[in-house]
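For the sequence shown, full-length UniProt numbering assigns the number 293 to the last residue and increments by one with no breaks. From the three backbone atoms N, C-alpha and C, an ideal C-beta is built for every residue, glycine too.
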Amino acid sequence: MNSIQQYSKCENLGQGTYGRVYKGVNRRTQEVVAIKEIIHSEEEKKEGIQSTTLREMSVLLQFRNHPHIVELKEVILDETDYKQYLIMEFIDTDLRKMIDQGQITEHLAKRLLLHILRGLYALHSQLIFHRDLKPANILVQNGVAKLGDFGLAKPIGYPINRTHTKEVQTLWYRAPELLLGHFKYSPALDIFSLGCIFYEMLVGEALFKGNSEIDQLFKIFQFMGTPLEWEGFKSMPYYSARFPQFHAQAEQHLSGFNIRREAKDLLLRMLQIDSTKRITAREAIDDIYFSII
């Protein structure tokens with residue numbers, strides 16, 4: 001096993017809940033890499049590798065050769081300082097940067113969406129889902145999109161502990177079933193998040209910019225309509241008879257943008273409030289939108 005001393009850290013790229021990410025260089029080969037240094041509390045150091053690290057390592061190793069999932073090159077366990085390092089391919093651009101810089105045309109959005117769907121289909125077909133899709137977690141290199149940051153990935157069907165839901169999906173990309181208190185993992189969660197991302201690629205700004213969970217839920221209802229026809233709606237843990245009854249504004253809202261009909265149709269199928277009616281990754285890949293030049 002290689003030592004972390006084989007790599008030099010060149011630049012701090014940022015820090016999240018579970019680790020710091022650096023731009024680094026392999027001293028022997030001069031290859032530029034991304035180095036994710038896992039952050040541990042003193043208690044975690046005694047317990048060993050934390051579950052989030054194991055999940056990310058497991059997923060990245062399982063899909064090591066997938067063209068639309070970031071490549072894990074190696075894992076380094078440093079026993080001297082009780083740290084773990086994930087050495088990954090270095091990609092310096094992500095969707096967040098591209099959207100903010102106005103770099104995405106509808107043609108490019110279509111291509112990147114297809115790449116992301118292929119990555120998701122690979123995960124979902126192995127009963128794994130990402131759980132934290134957002135523009136910053138989708139890396140782009142030479143026009144190719146790759147899923148990154150698998151620290152929250154879990155097997156489909158795994159029960160969600162209510163106390164952990166704050167870590168499940170960034171608020172603006174969170175699926176309505178979670179906001180309604182239905183805490184059970186489903187691949188449909190990822191599809192809703194991706195629908196939000198697709199809109200953001202097409203329009204240049206986030207679709208649902210809530211400042212709290214209830215505000216986020218109502219913004220979704222305002223766009224898609226309060227789902228009174230959804231059979232399971234009233235049985236949701238956080239359902240209230242006092243919820244406002246919004247009529248869908250999606251068509252009217254989208255008519256203000258130069259988006260082709262097929263793109264709108266796919267987007268709305270991804271944003272269905274009833275998760276059982278939401279399009280799957282496989283179905284989306286086969287959608288007519290991708291057959292149109």
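Please name the residue or residues paired with residue i in a DSSP beta bridge.
| i | result |
| --- | --- |
| Phe223 | Partner(s): none; Phe223 has no beta bridge. |
| Val59 | According to DSSP, which records beta bridges pairwise, Val59 is partnered with nothing at all. |
| Met88 | Ala34, Leu72 |
| Val140 | Ala145 |
| Ile128 | Pro155 |
| Asp94 | Leu139 |
| Lys234 | Looking at the DSSP assignment, Lys234 forms no beta bridge with any residue, so it has no partner. |
Who are the near neighbours of residue i in its chain, counting only those whose CB is closer than 6 Å to its CB and skipping five residues on each side?
| i | result |
| --- | --- |
| Gly14 | Val21 |
| Ile104 | Met98, Met201 |
| Ala281 | Leu117, Leu120, Tyr121, His124 |
| Ala109 | Met201, Leu202 |
| Leu189 | Ala175 |
Could you check what DSSP says for residue i in three-state terms: helix, strand or coil?
| i | result |
| --- | --- |
| Tyr22 | strand |
| Gln15 | strand |
| Lys264 | helix |
| Ser8 | strand |
| Asp286 | coil |
| Leu77 | strand |
| Lys209 | coil |
| Lys166 | Confidence at Lys166 is low in this model, with a pLDDT of 46, below 50, so the placement of that residue is unreliable and no value is reported for it. |
| Lys83 | strand |
| Glu229 | coil |
| Arg111 | helix |
| Lys46 | Note that Lys46 has pLDDT 49, beneath the 50 cutoff, so the model's placement of it is unreliable and no number is given. |
| Tyr239 | coil |
| Arg118 | helix |
| His253 | helix |
| Phe246 | coil |
| Leu271 | coil |
| Thr276 | helix |
| residue 327 | There is simply no residue 327 to check, as the chain begins at 1 and stops at 293 in what is shown. |
| Pro67 | coil |
| Thr53 | helix |
| Leu171 | helix |
| Ile259 | coil |
| Phe150 | coil |
| Ile39 | coil |
| Gln216 | helix |
| Ile104 | coil |
| Leu189 | helix |
With a threshold of 7 Å on Cβ separation, who are the neighbours of residue i within its own chain once the five nearest residues in sequence on each side are excluded?
| i | result |
| --- | --- |
| Phe218 | Pro244 |
| Phe90 | Lys23, Val32, Val33, Ala34 |
| Arg64 | Glu71, Leu72 |
| Tyr239 | Leu180, Phe233 |
| Ile4 | Ile76, Asp78, Tyr85 |
| Leu268 | Ala250 |
| Met88 | Val33, Ala34, Lys36, Val70, Glu71, Leu72, Lys73 |
What does a CB cutoff of less than 8 Å around residue i pick up in its chain, not counting 5 residues either side in sequence?
| i | result |
| --- | --- |
| Val25 | Tyr7, Ser8, Cys10, Glu31, Val32, Val33 |
| Leu194 | Leu113, Ile116, Leu117, Leu120, Leu133, Met270 |
| Gly102 | Gly204 |
| Ile292 | Arg260, Glu262 |
| Ile285 | Leu114, Leu117, Arg118, Tyr121 |
| Gln222 | Phe246, Gln249 |
| Leu266 | Phe198, Ile279, Ala284, Asp287, Tyr289 |
| Gln216 | Leu171, Trp172, Arg174, Leu179, Phe208, Gly210 |
Could you check whether the Cβ of residue i sits closer than 6 Å to any heavy atom belonging to the ligand ATP?
| i | result |
| --- | --- |
| Glu106 | The ligand ATP is absent from the structure shown, which contains no ligands of any kind. |
task = Count the CB pairs spanning the region 184 to 193 and the region 252 to 263 that are closer than 8 Å, and state whether there are at least three.
result = no
inquiry  = Any contact between the region 128 to 147 and the region 74 to 86? By contact I mean 3 or more CB pairs, one from each, below 8 Å.
reply    = no
key: Cβ pair count under 8 Å reaching 3, the region 167 to 178 against the region 204 to 222   = yes
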